[in-house]
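**Student:**
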Amino acid sequence: MKIKVAKSAGFCFGVKRAIEIALKTAREEKNDVYMLGDIVHNEFVVEQIKKAGIKVVDSIEKINSGVLLLRAHGTVPEIYERAKEKGLKIVDATCPMVLEIHKIVKKLESENYQIVVIGDHNHDEVKAIAAQSKNPIVIENPHEVKKIGKKFKKIGVVVQSTQNIEKVKGILSKLVTITKELRFINTICKPTQDHQDEIRKMPLENDVMIIVGSFTSANTRRLTEISRGLNPNTYQVESAKNIKEEWFKNCKTVGISAGASTPDYLIKEVVEKIKAL
Ligand code: SF4
20 MKIKVAKSAG
30 FCFGVKRAIE
40 IALKTAREEK
50 NDVYMLGDIV
60 HNEFVVEQIK
70 KAGIKVVDSI
80 EKINSGVLLL
90 RAHGTVPEIY
100 ERAKEKGLKI
110 VDATCPMVLE
120 IHKIVKKLES
130 ENYQIVVIGD
140 HNHDEVKAIA
150 AQSKNPIVIE
160 NPHEVKKIGK
170 KFKKIGVVVQ
180 STQNIEKVKG
190 ILSKLVTITK
200 ELRFINTICK
210 PTQDHQDEIR
220 KMPLENDVMI
230 IVGSFTSANT
240 RRLTEISRGL
250 NPNTYQVESA
260 KNIKEEWFKN
270 CKTVGISAGA
280 STPDYLIKEV
290 VEKIKAL
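The numbering used here runs 19 ahead of the 1-based position in the sequence shown.
1. For the beta strand (DSSP E) containing Asp-283, name the first residue and the last one.
2. Can you confirm whether the segment 222-230 touches the segment 244-261 when touching is taken to mean that 3 or more C-beta pairs between the two stretches lie within less than 8 Å?
3. Do you know offhand how far Ser-78's Cα is from Leu-296's?
4. Any heavy atom of ligand 1 within a distance shorter than 6 Å of the CB on Thr-181?
5. Between which residues of its own chain and Met-116 is the CB-CB distance below 7 Å, once the five residues before and five after are set aside?
6. Measure the Cβ-Cβ separation of Ile-174 and Thr-198 and say whether it is below 7 Å.
7. Between which two residues does the alpha helix (DSSP H) containing Arg-301 stretch?
8. Would you mind working out which of Leu-89, Ala-147 and Lys-188 sits nearest Leu-107, comparing C-alpha positions?
9. Round the Cβ separation of Val-86 and Val-64 to the nearest angstrom and send it over; I've been treating them as touching at under 8 Å.
10. Using the C-alpha atoms, what's the distance from His-92 back to Thr-235?
11. DSSP has Val-135 in a bridge; who is on the other side?
12. With H, G and I counted as helix, E and B as strand and the rest as coil, what does DSSP make of Gly-189?
13. To the nearest angstrom, how far is it from the Cα of Ala-28 to the Cα of Ala-259?
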């Protein structure tokens, strides 16, 4: 059985950077270090962060002193303001590619575009991007365009960095019907684009596809969804423990990919487990 691991599998640049910043901060800071929510959607990484001594809380009101570490997918402006008011030291691990989206939103708004953010309503990255505009519209699927109920002169569109471009195209084709001018900036980041390019080829070239990553990671679930659409023999696993021998009957080639929040050692363990079958 041949095993091929996607070049883009695993941690993206932004997540790697955020984890390094977090671990360095935990090592060097004498005061308590806090984060608002988990660093990435992966249970194994969350455990590593906890072990390093970083405390995860669900509200800034639970932090009275120390260091506030901001996560890779960005934070709404009110959190920066509240942290300053409380005298917290801010260590900002927001991915530079997410900060770039914030800048684009501000620029488009200054040019009088109605801001539309294509992304998942409940995702923190989307909330932080939308918060850069005074009057944003967030769209998750094409049906929501109808619900807007009015027309515009100019719409400026940005996208959550991990969106599926095919889904985005579907939403754009509806948005053109409600505006005279549509300005689209493709803010899907390069690591996500590489992931998606590979995941559109690999399922067609392999008998079985294994996607490694947490079920809480939207990015991993999206890879699984795309892969399964192309090859029904697609299985998502959180770690090598979930691998089942029966998936590989009559299988000659296995393709392996992993979400941007999946650490390398989990991918390696999956490869070793499949080799051992
Ligand atoms: S998915 Fe892209 S934008 Fe998000 S953290 Fe990774 S590199 Fe940055």
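Each residue gets a CB set at the ideal place from its N, CA and C atoms; glycine is no exception.
Model, not experiment: these values are computed from the prediction.
**Tutor:** For this structure:
1. Premise fails: Asp-283 lies in the alpha helix (DSSP H), 283-295, not in any beta strand (DSSP E).
2. yes
3. 46 Å
4. yes
5. Gly-33, Ser-180 and Cys-208
6. Taking 7 Å as the Cβ cut-off, Ile-174 and Thr-198 qualify as a contacting pair.
7. What the structure shows of the chain is the stretch from 20 to 296, and residue 301 is not part of that stretch, so it cannot be assessed.
8. Leu-89
9. For a cut-off of 8 Å, the C-beta gap from Val-86 to Val-64 is around 19 Å, too long to register as a contact.
10. 15 Å
11. Ile-156 and Val-176
12. Secondary structure at Gly-189: helix, using DSSP grouped into helix, strand and coil.
13. 15 Å
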